[in-house]
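Comments concern the structure below.
In this note's numbering, the protein residues as written are 4 to 133.
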């Protein structure tokens, strides 16, 4: 059953990543890889929320496997980030290269913390007395 949840979540995550990346890139144009950048940041936010909620047994194990391992595992993409960054280097886009690397790492970690913070708020609302 675990394998089916991972596979199903992965299929949905891959399709969602592709669709959202294309949608973003069409609207932002060439130059900076906004699609991958935004998708990866959204995935970082999502993993912060879901894993913090699962730490407090609010997200059942099956949903954690489906959404974290499956969906977010396929939704976010380090390999595409690497490829697009190498393309920026190849094209001599040094500012975009630096912004992509620093922004992805720093903002990605910040989004995980933001997700944890949001999850703590959800946990507080669920568990508060009265």
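Don't be surprised by glycine CBs; every beta carbon is placed ideally from N, CA and C. Since the model is a prediction, treat every value here as computed from it, not as a measurement.
Helix, strand or coil at residue i according to DSSP, with G and I counted as helix
i           : result
residue 131 : coil
residue 60  : coil
residue 33  : coil
residue 4   : coil
residue 96  : coil
residue 83  : helix
Between the CA atoms of residue j and residue i - distance to the nearest angstrom
i           : j           : result
residue 116 : residue 129 : 20 angstroms
residue 123 : residue 96  : 40 angstroms
residue 101 : residue 10  : 34 angstroms
residue 45  : residue 30  : 18 angstroms
residue 5   : residue 66  : 10 angstroms
residue 77  : residue 56  : 20 angstroms
residue 54  : residue 109 : 19 angstroms
residue 127 : residue 8   : 29 angstroms
residue 70  : residue 61  : 14 angstroms
residue 50  : residue 99  : 26 angstroms
residue 23  : residue 42  : 7 angstroms
Whole-angstrom C-beta distance between residue j and residue i, which should lie under 8 angstroms
i           : j          : result
residue 131 : residue 80 : With 8 angstroms as the limit, residue 131 and residue 80 do not qualify as a contact, their Cβ atoms being about 38 angstroms apart.
residue 73  : residue 13 : 5 angstroms
residue 118 : residue 47 : 7 angstroms
residue 27  : residue 38 : 4 angstroms
Exposure of residue i, with buried meaning 16 or more beta-carbon neighbours within 10 Å
i           : result
residue 25  : exposed
residue 52  : buried
residue 120 : exposed
residue 36  : buried
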